[in-house]
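Position one of the sequence shown corresponds to residue 1 (this note's numbering), numbered consecutively onward.
We treat Cβ as the ideally placed atom computed from N, Cα and C, and that holds for glycine.
Below is one structure; the comments refer to it alone.
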Amino acid sequence: MITLTINGESKQLDVTEDTPLLWALRDVLGMTGTKFGCGIAQCGACTVQVDGQAVRSCMLPVGAIGEGSKITTIEGIGATDAGARIQKAWLDLEVVQCGYCQSGQIMSASALLAATPQPDDKDIDAAMAGNICRCGTYVRIREAIKKAAGVA
Ligand code: FES
Ligand code: FES
């Protein structure tokens with residue numbers, strides 16, 4: 001049995017330690033907001049936060065997550081200050097196209113904003129480089145991060 005703290009709630013999961021967090025979230029807990037894209041840490045669709053850091057949940061075994069660590073998913077990010085501001089900016093600027101990549105984009109952008117309240121283009125490039133969008137919403141994503149940060 002593995003115990004994880006997800007969006008402030010303690011969850012007990014009957015999974016093996018090598019189970020990727022993405023599988024635990026989606027298949028065991030039914031939290032389908034976090035998406036499966038590539039499964040090899042290349043697309044960013046599965047991004048969640050562990051202790052505020054954006055991580056690829058498809059390649060993170062649950063056994064590697066410390067019991068005291070706090071996992072935040074797209075279902076809970078709106079309860080954080082940075083997450084709420086990012087989500088509002090996303091809506092205001094209508095960032096989303098098909099939407100498939102956007103959970104991951106929002107999780108990376110929120111982690112960036114929490115760590116770097118006034119990010120410049122270089123900070124945004126570095127933080128968002130691992131999040132691929134097939135619809136090409138990159139320009140709106142950049143604008144929305146700046147709007148959320150109050151630098152646009
Ligand atoms: S599904 Fe995890 S990075 Fe693509
Ligand atoms: S909005 Fe369609 S893949 Fe990003």
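Legend entry - Best match in 115, 35 and 69 for proximity to residue 11 [C-alpha to C-alpha]: Closest in C-alpha terms to residue 11, from the list 115, 35 and 69, comes 69.
Inset, instruction - Look at residue 7 and residue 71 and say whether their C-beta atoms are less than 9 Å apart. - result: It is a contact, given that the beta carbons lie within the stated cut-off.
Legend entry - Whether residue 74 touches residue 34 by CB criterion (9 Å): yes
Inset, instruction - With a 10 Å radius around its C-beta and 16 neighbouring C-beta atoms as the bar for buried, classify residue 1 as buried or exposed. - result: exposed
Legend entry - Contact set, ligand 2 heavy atom to C-beta under 6 Å: 96, 97, 98, 99, 100, 101, 102, 133, 134, 135 and 137
Legend entry - Straight-line gap, residue 60 to residue 147 (C-alpha atoms, nearest Å): 31 Å
Inset, instruction - Spell out the partners DSSP gives residue 70 in its beta bridges. - result: 5
Legend entry - Residues sharing a beta bridge with residue 53, DSSP: 50
Inset, instruction - Compute the Euclidean distance between the alpha carbons of residue 134 and residue 76, then round it to the nearest angstrom. - result: 25 Å
Legend entry - Check: residue 41 C-beta below 8 Å from any heavy atom of ligand 1: yes
Legend entry - Buried or exposed (CB count within 10 angstroms, at least 16 for buried), residue 32: exposed
Legend entry - Whole-angstrom distance between residue 95 and residue 37, CA atom to CA atom: Approximately 19 Å between the Cα atoms of the pair.
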